[in-house]
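Structure, as structure tokens:
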Amino acid sequence: DQIDPLFDALRNNDLNGVTTWMESEAWQTILQLLQIELPGLSSSMKQLTPTVTNEQSSNWTCSECTFLNDNFNQTCDMCSLDRNAAS
Numbered sequence: 009d010q011i012d013p014l015f016d017a018l019r020n021n022d023l024n025g026v027t028t029w030m031e032s033e034a035w036q037t038i039l040q041l042l043q044i045e046l047p048g049l050s051s052s053m054k055q056l057t058p059t060v061t062n063e064q065s066s067n068w069t070c071s072e073c074t075f076l077n078d079n080f081n082q083t084c085d086m087c088s089l090d091r092n093a094a095s
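Remember, our numbering sits 8 above the position in the sequence shown when you count from 1.
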């Protein structure tokens, strides 16, 4: 039930909704669990998902929202950030 607002925000391309959800206790719990399993990770979401740098890859990760995009897209399907934009 606590993750439903996140799914709704993702379905509606609502970056503000995602950001709001990331301020919730549910997200903080997920981050704590990840740190227990992977203690070297920072709590920063940008560091939780590596950026794909290989041009031959079939996907690339948005540096802003971490959405996994098809390689042929030049803008993020989720937040519309340009693929080559600096984070």
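By construction, the Cβ of each residue, glycine as well, lies at the ideal position given by its N, Cα and C atoms. Since the structure is predicted, the reported quantities are computational estimates derived from the model, not experimental observations.
- Residue pairing by DSSP puts leucine 76 in a beta bridge opposite Thr69.
- In the DSSP assignment, no residue is bridged to aspartate 85.
- Nearest Cα to glutamate 72 within the set Gln10, Thr27, Pro13 and Asp12: Thr27.
- Excluding residues up to 5 positions away in sequence, Ser65, Ser66, Asn67 and Trp68 lie with their Cβ nearer than 7 Å to the Cβ of asparagine 79 in the same chain.
- Counting C-beta atoms within 10 angstroms of its own C-beta, asparagine 77 has 16 or more neighbours from the protein chains shown and is therefore classed as buried.
- Taking all protein chains shown into account, alanine 93 has fewer than 16 neighbouring C-beta atoms within 10 Å of its C-beta and is therefore exposed.
- DSSP, reduced to helix, strand and coil, places aspartate 9 outside both helices and strands of the structure shown, so it counts as coil.
- Each residue's CA atom was taken as its position, placing leucine 41 and arginine 91 some 30 Å apart.
- For alanine 34, same chain residues with a beta-carbon under 7 Å away, outside a window of 5 residues either side, are Gln10 and Ile11 in chain order.
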